[in-house]
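Chemist: Dumping the structure here so I can ask a few things about it.
In the numbering used here, the protein residues as written are 43 to 402.
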């Protein structure tokens with residue numbers, strides 16, 4: 043009976059200990075942002091936005107062909123003067139170059155001969171009319187003389203039109219003028235050059251740059267996603283912090299046989315003339331997947347212990363740590379599958395400090 047008594051004593055002792063538990067109270071101080079921290083904290087509201095995917099392409103800036111004109115020499119000759127340089131802005135009608143031309147000299151000679159023949163024809167008409175009045179010639183002679191005057195007048199008008207087209211003057215010079223206002227993108231003429239009227243090379247290329255194109259290459263596997271009107275964001279090395287917006291306005295339905303890529307053309311405004319022909323460009327196309335989802339700035343996310351969190355702000359004394367499931371991070375925004383609702387506010391600056399303070 044002695045072992046049984048010891049066992050009963052131990053059981054009774056343990057029951058006594060359970061009836062009088064030791065309680066320890068830990069005083070917790072609620073987390074409240076100081077006024078200094080409040081001034082540093084930034085928040086943004088959760089927004090419900092259409093779900094979009096992106097495709098990145100490489101391209102380059104080119105002038106709008108509809109706003110570009112190539113200037114060819116209309117006559118051959120020696121270049122006497124060049125008054126525009128590469129990159130210059132020129133006004134419509136401004137003199138670009140002056141060419142001393144034998145062809146213009148020939149036309150000037152024809153004009154002089156035509157003027158003499160016109161004066162002679164007018165004199166003959168006057169004589170014919172006087173003789174007809176005096177009954178010394180027939181009406182047929184007057185009609186013939188009048189037709190000769192009209193023919194010489196038509197020849198005069200033709201020669202003047204030719205000289206005007208050639209920009210010619212009485213010194214046998216052809217003046218090359220700017221057909222539009224714009225920037226000189228190409229210049230293939232220098233003083234002293236000998237030009238031929240049948241030369242296939244333009245002496246100047248002038249373009250207006252207030253609208254510009256970006257030509258982007260699309261891989262064969264992505265061709266099926268291309269649509270007219272797709273919104274495009276353009277970035278360049280020259281302006282890494284700027285985003286230029288445009289849209290796809292032409293799809294070239296042919297593949298380059300070497301690269302196996304297809305080109306798309308993006309049109310965009312260039313009012314400040316920041317984009318220059320020849321620049322390399324990074325193109326991001328946006329595709330609407332249908333439906334919408336809560337979105338937040340991607341910088342608001344906190345990654346810890348293989349999970350992602352955000353700090354939900356109610357007021358400076360009420361801040362929640364909220365786990366979220368990210369559907370996709372795209373550029374500077376993140377689509378949130380679960381964990382947030384539109385209208386809630388998340389902290390986007392100094393959120394990591396607050397997270398550490400609340401979760402240590």
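Even for Gly, the Cβ is constructed at its ideal location relative to N, Cα and C.
Helix, strand or coil: how does DSSP classify residue 193 here?
Modeler: Against the chain shown, residue 193 aligns to sequence position 151. It is helical.
Chemist: Which two residues bound the contiguous alpha helix (DSSP H) that contains residue 393?
Modeler: Here residue 393 is taken as the residue at index 351 of the chain shown, counted from 1. Start and end: 393 to 401.
Chemist: For residue 320, which of 228, 191, 185 has the nearest alpha-carbon?
Modeler: Numbered from 1 along the chain shown, position 278 holds the residue referred to as residue 320. Cα-wise, what sits closest to residue 320 is 228.
Chemist: Where does residue 286 sit, in a helix, a strand or coil, going by DSSP?
Modeler: Along the chain shown, read from residue 1 onward, the residue named residue 286 stands at position 244. Reduced to three states, the DSSP call for residue 286 is strand.
Chemist: Could you name the residues of the same chain whose beta carbon sits closer than 8 Å to that of residue 50, not counting the 5 residues immediately before and after it, in chain order?
Modeler: Taking the first residue of the chain shown as 1, we reach residue 50 at position 8. Because the pLDDT of residue 50 is 33, which lies under 50, any placement of that residue in the model is unreliable, and the number read from its coordinates should be weighed accordingly. Nothing meets the Cβ criterion.
Chemist: What does the alpha-carbon distance come out to for the pair residue 283 and residue 309?
Modeler: Reading the chain shown from its first residue, position 241 is the one you call residue 283. Reading the chain shown from its first residue, position 267 is the one you call residue 309. So the two alpha carbons sit approximately 20 Å from each other.
Chemist: With distances taken from CA atoms, which of 368, 367, 356 is nearest residue 80?
Modeler: Counting from 1 along the chain shown, the entry for residue 80 is found at position 38. It is 356 whose Cα lies nearest to the Cα of residue 80.
Chemist: I need the DSSP call for residue 316, collapsed to helix, strand or coil.
Modeler: Here the question's residue 316 lines up with position 274 in the chain shown. Three-state result, residue 316: coil.
Chemist: Could you check what DSSP says for residue 151 in three-state terms: helix, strand or coil?
Modeler: Taking the chain shown and counting its residues from 1, the one referred to as residue 151 is at position 109. In this structure, residue 151 counts as helix in the three-state DSSP scheme.
Chemist: May I have the straight-line CA-CA distance separating residue 102 from residue 303, to the nearest angstrom?
Modeler: By 1-based counting over the chain shown, the position of residue 102 is 60. By 1-based counting over the chain shown, the position of residue 303 is 261. In a straight line, the C-alpha of residue 102 is about 14 Å away from that of residue 303.
Chemist: Extract the residue ranges of the beta strand (DSSP E) inside the segment 340 to 395, only unbroken runs of 3 or more that lie entirely within it.
Modeler: Whole beta strand (DSSP E) segments, 3+ residues: 344 to 346, 349 to 357, 360 to 372, 375 to 380, 387 to 391.
Chemist: Apart from the five residues on each side of it in sequence, which residues of its chain come closer than 7 Å, Cβ to Cβ, to residue 358?
Modeler: Taking the first residue of the chain shown as position 1, residue 358 is located at position 316. If we look at residue 358 and ignore the five residues flanking it on each side, its Cβ neighbours are 74, 75, 80.
Chemist: Using the three-state DSSP reduction, which class does residue 329 fall into: helix, strand or coil?
Modeler: Indexing the chain shown from 1 puts residue 329 at position 287. Three-state DSSP puts residue 329 in a strand.
Chemist: Quick one, which of 340, 140, 121 has its alpha-carbon nearest residue 85's?
Modeler: Translated into positions along the chain shown, residue 85 becomes position 43. For residue 85, the nearest C-alpha among the options comes from 340.
Chemist: Output needed for residue 286: all residues of its chain with C-beta closer than 6 Å, excluding positions within five of it in sequence on either side, in chain order.
Modeler: As a working mapping, residue 286 is identified with position 244 in the chain shown. So the qualifying residues of the chain are 276, 310.
Chemist: Can you tell me the Cα-Cα spacing of residue 142 and residue 120, whole angstroms?
Modeler: As a first step, residue 142 is located in the chain shown; it is residue number 100 there, counting from the start. As a first step, residue 120 is located in the chain shown; it is residue number 78 there, counting from the start. Rounded to whole angstroms, residue 142 to residue 120 spans 5 Å at the Cα level.
Chemist: Could you please give me the residues that DSSP links to residue 98 through a beta bridge?
Modeler: Locating residue 98 in the chain shown gives position 56, where the first residue counts as 1. Answer is 326, bridged to residue 98.
Chemist: Hey, could you find the ends of the beta strand (DSSP E) residue 307 is sitting in?
Modeler: Sequence index remark: in the chain shown, residue 307 carries index 265 (1-based). Its beta strand (DSSP E) spans residues 303 to 311.
Chemist: Hey, is the segment 216 to 228 in contact with the segment 195 to 204, meaning 3+ C-beta pairs nearer than 8 Å?
Modeler: Output reads no: the segment 195 to 204 does not touch the segment 216 to 228.
Chemist: What does residue 92 pair with, by DSSP beta-bridge criteria?
Modeler: In the chain shown, counting from the first residue as 1, residue 92 sits at position 50. Paired residue(s): 334.
Chemist: First and last residue of the alpha helix (DSSP H) that includes residue 82?
Modeler: The sequence position of residue 82 within the chain shown is 40, counting from 1. Run containing residue 82: 77 to 82, per the alpha helix (DSSP H) assignment.
Chemist: For the beta strand (DSSP E) that contains residue 142, what are its first and last residues?
Modeler: On the chain shown, position 100 is the one that residue 142 refers to. From DSSP, the beta strand (DSSP E) with residue 142 extends over 137 to 142.
Chemist: Alpha carbons only, please: which of 296, 145, 344, 343 is nearest the one belonging to residue 306?
Modeler: For the purposes of this step, residue 306 is taken as the residue at position 264 of the chain shown. When only C-alpha atoms are compared, the closest one is 296.
Chemist: What does a CB cutoff of less than 8 Å around residue 82 pick up in its chain, not counting 5 residues either side in sequence?
Modeler: By 1-based counting over the chain shown, the position of residue 82 is 40. Answer for residue 82: 391, 392, listed in chain order.
Chemist: Have a look at 154, 111, 262, 190 and flag the residue whose alpha-carbon is nearest the alpha-carbon of residue 134.
Modeler: As a first step, residue 134 is located in the chain shown; it is residue number 92 there, counting from the start. Taking only the C-alpha atoms, the option nearest residue 134 is 111.
Chemist: Among 383, 192, 373, 374, which has the Cα closest to the Cα of residue 365?
Modeler: Working through the chain shown from its first residue, we reach residue 365 at position 323. The candidate whose alpha carbon is nearest that of residue 365 is 383.
Chemist: Which residues in the same chain have their Cβ closer than 8 Å to the Cβ of residue 30, if we skip the five residues on either side of it in sequence?
Modeler: Only positions 43 to 402 of the chain appear in the structure, and residue 30 is not among them; the question remains open.
Chemist: To which residues of the same chain is residue 140 closer than 7 Å at the C-beta, ignoring the five residues directly before and after it?
Modeler: The sequence position of residue 140 within the chain shown is 98, counting from 1. Taken in chain order, the residues that qualify are 122, 123, 215, 217.
Chemist: What does a CB cutoff of less than 8 Å around residue 232 pick up in its chain, not counting 5 residues either side in sequence?
Modeler: Taking the first residue of the chain shown as 1, we reach residue 232 at position 190. Around residue 232: 121, 124.
Chemist: Checking 8 Å against the spacing of the C-beta atoms, do residue 317 and residue 254 come in under that value?
Modeler: Working through the chain shown from its first residue, we reach residue 317 at position 275. Working through the chain shown from its first residue, we reach residue 254 at position 212. Their beta carbons are under 8 Å apart, which means residue 317 touches residue 254 by this criterion.
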